[in-house]
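Colleague: Residue numbers (my numbering): 39 to 283. A virtual CB, placed ideally from N, CA and C, is assigned to each residue, including glycine. None of these values were measured; they are calculated from a predicted model. Before I ask anything, let me first share the structure, which is written out below as structure tokens.
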Amino acid sequence: MITITNLHKQFASLEVLKGISMTVEKGKVVVIIGPSGSGKTTLLRCLNALEIPTTGSVQIGEVKLDFSQKVDRSSIPRLRKQTGMVFQSYNLFPHMTALENVMEGPVTVKKENKEQAKTKAAALLAKVGLGDKLDHYPAQLSGGQQQRVGIARALAMDPQVMLFDEPTSALDPELVGEVLKVMKELAMEGMTMVVVTHEMGFAREVADEVIFMDQGVIVEHDSPQKLFNQPREDRTRQFLQHLKS
């Protein structure tokens with residue numbers, strides 16, 4: 039479903055990604071962990087070209103972009119259409135209800151019929167446990183509820199892949215569980231997911247594969263059982279030990 043080949047990303051003189059190569063199979067959940075500044079979020083944003091890689095290629099489904107040569111800007115929306123992205127901050131439109139927020143993409147971008155989009159949006163909000171909040175504005179919702187609206191909004195675009203950038207980091211601890219529950223349900227339904235998170239419990243329980251990144255490279259890539267219990271690399275062991283202390 040996803041193939042990344044020799045991906046580099048440089049901001050001025052700072053090289054943030056240093057030759058990342060990885061694949062994600064259809065229906066798999068890959069969790070990316072690592073210290074702050076390791077390049078996790080930049081990698082995720084390069085996947086849907088929110089950040090344009092310096093060199094290397096990204097393929098999602100049938101759409102491939104090779105950034106080692108000049109990329110036709112008109113092809114970038116085709117890559118983005120393959121993905122739904124959920125951010126740390128909820129980025130909801132404050133003047134729109136939950137229902138309107140979820141409808142907006144399908145109506146504006148995909149030109150879907152408004153009534154069909156409304157029906158789908160209501161079903162997706164029910165799916166994430168917000169069937170009784172359709173007419174609520176973001177200011178009337180908790181952080182966890184807003185993030186679940188964000189997940190429903192991403193799903194409304196019928197993505198092949200869901201990308202999550204630390205979706206629980208802005209939430210109060212008691213609200214984290216309700217968002218992780220929705221993500222676990224998506225994983226059980228076979229959604230292909232790439233998740234940047236500090237929630238190690240989620241990584242252990244839900245991930246098919248865990249990637250540990252540091253200083254712009256993949257240090258270790260393994261099953262959660264092996265990576266958490268028998269890490270091969272000293273740097274991985276140091277990071278995991280630091281989490282326990």
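Could you tell me which of 181, 62, 80, 220 sits nearest to residue 259, measuring between CA atoms?
Modeller: Looking at the Cα atoms, 62 is the closest of the given residues.
Colleague: Please work out which residues of its chain come closer than 7 Å, Cβ to Cβ, to residue 43, disregarding the five sequence neighbours upstream and downstream, and give them in chain order.
Modeller: 59, 94, 95, listed in sequence order.
Colleague: Output yes or no for whether 8 Å exceeds the beta carbon distance between residue 128 and residue 184.
Modeller: In contact: residue 128 and residue 184 (Cβ atoms closer than 8 Å).
Colleague: Quick one: complete alpha helix (DSSP H) runs, 4+ long, within the region 163-240?
Modeller: For the region 163-240, whole alpha helix (DSSP H) runs of length 4 or above, ordered along the chain, are 181-193, 211-226.
Colleague: Which same chain residues, not among the five before or five after residue 87, have their C-beta less than 6 Å away from its C-beta?
Modeller: These residues qualify, in order along the chain: 114, 117.
Colleague: By the DSSP assignment, the beta strand (DSSP E) with residue 52 in it spans what residues?
Modeller: First-last of the beta strand (DSSP E) with residue 52: 52-62.
Colleague: Answer yes or no: do residue 66 and residue 247 have a C-beta to C-beta separation smaller than 8 Å?
Modeller: Contact: yes.
Colleague: Our contact map puts residue 124 next to residue 203 with C-beta atoms below 8 Å; I'd like the distance itself, whole angstroms only.
Modeller: Correct: roughly 7 Å between the Cβ atoms.
Colleague: Within the continuous beta strand (DSSP E) that includes residue 250, where are the two ends?
Modeller: 247-252 is the span of the beta strand (DSSP E), which, as asked, contains residue 250.
Colleague: Tell me, to the nearest whole angstrom, how far the beta carbon of residue 144 is from that of residue 153; I am working on the premise that it is less than 8 Å.
Modeller: At roughly 11 Å, the Cβ-Cβ gap does not stay under 8 Å, so residue 144 and residue 153 are not in contact.
Colleague: Would you call residue 110 buried or exposed, if buried means 16 or more other Cβ atoms sit within 10 Å of its Cβ?
Modeller: Flag for residue 110 reads exposed.
Colleague: In the DSSP assignment, find the beta strand (DSSP E) that holds residue 48 and state where it starts and stops.
Modeller: Where residue 48 is concerned, the enclosing beta strand (DSSP E) stretches over 40-49.
Colleague: Please state whether DSSP places residue 97 in a helix, a strand or coil.
Modeller: DSSP places residue 97 in strand when its eight states are reduced to three.
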